[in-house]
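Enquirer: Got a structure for you, questions after.
In full-length UniProt numbering, the protein residues as written are 1 to 497.
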């Protein structure tokens, strides 16, 4: 049975500090009564069909060929389709980029040819048939005659219904002119996901809904997630193979009244396709910048304007890498932990880091940002605004930038004496160092030397190097088990304990 994409769906600041948990995988989700799936559980759900391409030449990867059909094939008539058309230049270019986004994360290649490889894919348009489906495709190993085919509706309907559907944002028109972060680009990447072996996260198909269902859902903004989604995380916020809006999982990809969509595999899609074909660790294995000033070489990973609405999940093969969201003015939450989501550019939960990926650095914008590091030695730059920086483990380099900034530490392991964090631009009387998460309100006892009592703190400053040092004995062993180095003097009144 073909896997379709329905028109009935997808058309559509965190308080600081103290509302985050470093390393969390997901946003806070509503109590829907559905099971909550881990990434591993979601992967098994998305690849439950067991259908995939096979490496017939045993070269360690799946090499697929593809073509843009110039005429209808036998399937076209057999499925009752009408109104064939060849992909236009824009569709072809976007399809190539969509395929590349899958090749970036898994051991799969795509080469344009009429036949050959470990399997063959084809693309074509239709204007009538497959009621309710904006597009459809076939899983591999369905039938030699069907494998690799995907079809996309481009409307030639000039009836009042066709006009209303296009005006309300049906997929027909956007299929004809897909662009980055549009529904049309999502549909392309979604259908290619089917041809590679990924299923919908739940047992739902596009042909189950009529255009009246679609119209009602568009008007009410109710996409039936509660009734039809298989598990809590079944949304495009986690997988573009899902039918359900990201708002069902506490995310929001709208900006200035416009809806943005993922153009490439989301966090659960990446894990699922890698389970089938293995991970492509050669992708962006050098020092890569994502967001502003990007050198990632992918449209959906690059931001050029504060008006942009990025939606992506980062897969990275290595190097010293940076999330740069310096051009945004909104309050942002940027989390460098693998499996975590960030609120970027006025959206919520729109950027994630795939499991198994290390990103070292983050740059905030001019809003009041929260930057959360991971266990590596991170460089965090808050930029303008009143920012909160939490480095986590590792010897971090912290730049608050302009504004009143808070450098937050929640465990002694965040900044050990032999791997101390360095605050590079501390301004006394304006910035703060918070260790309240460790003292739990008990405070610190500032002394000139440790005497073996827990929570004793020594604060010093070198007039020659202009470096300060906060050392704390939390264990009561008479030696520091927590230490922070500052460029700039720190006063006792600058410390929140």
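Even glycine gets a Cβ: it sits at the ideal position worked out from N, Cα and C.
With a cut-off of 8 Å on the beta carbons, I'd call residue 87 and residue 72 a contact; round off their distance for me.
Expert: Your numbering for residue 87 matches position 87 in the chain shown. Your numbering for residue 72 matches position 72 in the chain shown. Contact doesn't hold; Cβ gap of about 13 Å is too wide.
Enquirer: Rounded to a whole number of angstroms, what is the C-alpha to C-alpha distance between residue 396 and residue 421?
Expert: Taking the chain shown and counting its residues from 1, one reaches residue 396 at position 396. Taking the chain shown and counting its residues from 1, one reaches residue 421 at position 421. Going by the C-alpha atoms only, they are around 5 Å apart.
Enquirer: Buried or exposed for residue 449, going by 16 or more other Cβ atoms inside 10 Å?
Expert: Locating residue 449 in the chain shown gives position 449, counting from the first residue. Its Cβ having fewer than 16 others within 10 Å, residue 449 is exposed.
Enquirer: Within 10 angstroms of its Cβ, does residue 490 collect 16 or more other Cβ (buried), or is it exposed?
Expert: Position 490 of the chain shown, counted from the start, is the residue given in the question as residue 490. That one is buried.
Enquirer: Give me whichever residues DSSP pairs with residue 124 in a beta bridge.
Expert: Numbered from its first residue, the chain shown carries residue 124 at position 124. The partner list for residue 124 (beta bridge, DSSP) reads 151.
Enquirer: For chain B, check one thing: does any of its Cβ atoms lie closer than 8 Å to the Cβ of residue 193?
Expert: Within the model displayed, chain B is absent; a lone protein chain is all it includes.
Enquirer: Exposed or buried, residue 322, counting other C-beta atoms within 10 Å across all chains shown (16 or more means buried)?
Expert: Here residue 322 refers to the residue found at position 322 when the chain shown is read from its first residue. When all chains shown are included, residue 322 counts as buried.
Enquirer: Looking at the unbroken beta strand (DSSP E) that takes in residue 360, where does it start and where does it end?
Expert: Position 360 of the chain shown, counted from the first residue, corresponds to residue 360. No beta strand (DSSP E) holds residue 360; DSSP gives it neither H nor E.
Enquirer: Taking the straight line between their C-alpha atoms, what separation do you get for residue 226 and residue 44?
Expert: In the chain shown, the residue the question calls residue 226 occupies position 226. In the chain shown, the residue the question calls residue 44 occupies position 44. Using only the alpha carbons, I get a separation of about 21 Å.
Enquirer: Assuming residue 193 is part of the alpha helix (DSSP H), what are its boundary residues?
Expert: In the chain shown, counting from the first residue as 1, residue 193 sits at position 193. Run containing residue 193: 183-196, per the alpha helix (DSSP H) assignment.
Enquirer: Mind checking which residues open and close the alpha helix (DSSP H) that includes residue 541?
Expert: Shown here, the chain extends from 1 to 497; a query on residue 541 therefore has no answer.
Enquirer: Rounding to the nearest angstrom, what Cα-Cα distance links residue 535 and residue 80 in this structure?
Expert: A question about residue 535 goes unanswered here, because the residues of the chain that appear run from 1 up to 497.
Enquirer: Between residue 346 and the rest of its own chain, which residues show a CB-CB distance below 6 Å, the 5 nearest in sequence each way excluded?
Expert: Walking along the chain shown from the start, residue 346 turns up at place 346. Here the set comprises 255, 330.
Enquirer: Run through the segment 310-369 for me and flag every whole beta strand (DSSP E) of 3 or more residues, listed as ranges in chain order.
Expert: Fully enclosed beta strand (DSSP E) runs of 3 or longer: 312-314, 322-324, 333-335, 351-353, 361-363.
Enquirer: Quick one, are the C-beta atoms of residue 279 and residue 185 less than 8 Å apart?
Expert: Against the chain shown, residue 279 aligns to sequence position 279. Against the chain shown, residue 185 aligns to sequence position 185. Contact: no.
Enquirer: Starting from residue 408 and walking both ways along the beta strand (DSSP E), at which residues does that stretch end?
Expert: Your numbering for residue 408 matches position 408 in the chain shown. From DSSP, the beta strand (DSSP E) with residue 408 extends over 406-408.
Enquirer: Go ahead and label residue 290 buried or exposed: buried means 16 or more other beta carbons lie within 10 angstroms of its beta carbon, across all protein chains shown.
Expert: For the purposes of this step, residue 290 is taken as residue 290 along the chain shown, with counting starting at 1. Residue 290 should be labelled buried.
Enquirer: Between the Cα of residue 263 and those of 316, 199, 192, 204, spot the shortest distance and give me the residue it belongs to.
Expert: Residue 263 sits at position 263 when you count from the first residue of the chain shown. The shortest C-alpha separation from residue 263 is found at 192.
Enquirer: Which residues in the same chain have their Cβ closer than 6 Å to the Cβ of residue 439, if we skip the five residues on either side of it in sequence?
Expert: Walking along the chain shown from the start, residue 439 turns up at place 439. Around residue 439: 497.
Enquirer: Considering only residues of the same chain and omitting the five flanking positions on each side of residue 248, which have a CB-CB separation below 6 Å?
Expert: If you number the chain shown from 1, residue 248 lands on position 248. The answer, listed in chain order, is 225, 235.
Enquirer: Out of 479, 394, 356, which has the shortest C-alpha to C-alpha gap to residue 39?
Expert: Within the chain shown, numbered from 1, the residue matching residue 39 stands at position 39. Per the Cα distances, 356.
Enquirer: For residue 74, report the span of its alpha helix (DSSP H) as first-last.
Expert: Numbered from 1 along the chain shown, position 74 holds the residue referred to as residue 74. Per DSSP, residue 74 belongs to the alpha helix (DSSP H) from 74-78.
Enquirer: Per DSSP, residue 399 is paired with what?
Expert: In the chain shown, the residue the question calls residue 399 occupies position 399. Bridge partners of residue 399: 381.
Enquirer: Roughly how many angstroms separate the alpha carbons of residue 306 and residue 399, rounded to a whole number?
Expert: In the chain shown, residue 306 corresponds to position 306, counting from 1. In the chain shown, residue 399 corresponds to position 399, counting from 1. Between residue 306 and residue 399, the C-alpha separation is close to 22 Å.
Enquirer: Can you give the Cα-Cα distance for residue 381 and residue 363, rounded to whole angstroms?
Expert: Within the chain shown, numbered from 1, the residue matching residue 381 stands at position 381. Within the chain shown, numbered from 1, the residue matching residue 363 stands at position 363. So the two alpha carbons sit approximately 5 Å from each other.
Enquirer: Short check: CB of residue 101 to CB of residue 265, under 8 Å?
Expert: Translated into positions along the chain shown, residue 101 becomes position 101. Translated into positions along the chain shown, residue 265 becomes position 265. Yes, the pair counts as a contact, with Cβ atoms nearer than the cut-off.
Enquirer: Which whole-angstrom value describes the C-beta separation of residue 478 and residue 452, a residue pair presumed to lie in contact below a C-beta threshold of 8 Å?
Expert: The residue labelled residue 478 in the question sits at position 478 within the chain shown. The residue labelled residue 452 in the question sits at position 452 within the chain shown. Sure, about 4 Å apart at Cβ, within 8 Å.
Enquirer: Name the DSSP bridge partner or partners of residue 302?
Expert: On the chain shown, position 302 is the one that residue 302 refers to. Its beta-bridge partners are 291.
Enquirer: Can you give me the C-alpha to C-alpha distance between residue 350 and residue 311, rounded to a whole angstrom?
Expert: Translated into the one-based positions of the chain shown, residue 350 becomes position 350. Translated into the one-based positions of the chain shown, residue 311 becomes position 311. Cα-Cα distance, rounded: 5 Å.
Enquirer: Hey, could you find the ends of the beta strand (DSSP E) residue 467 is sitting in?
Expert: For the purposes of this step, residue 467 is taken as residue 467 along the chain shown, with counting starting at 1. Counting along the chain, the beta strand (DSSP E) containing residue 467 begins and ends at 467-473.
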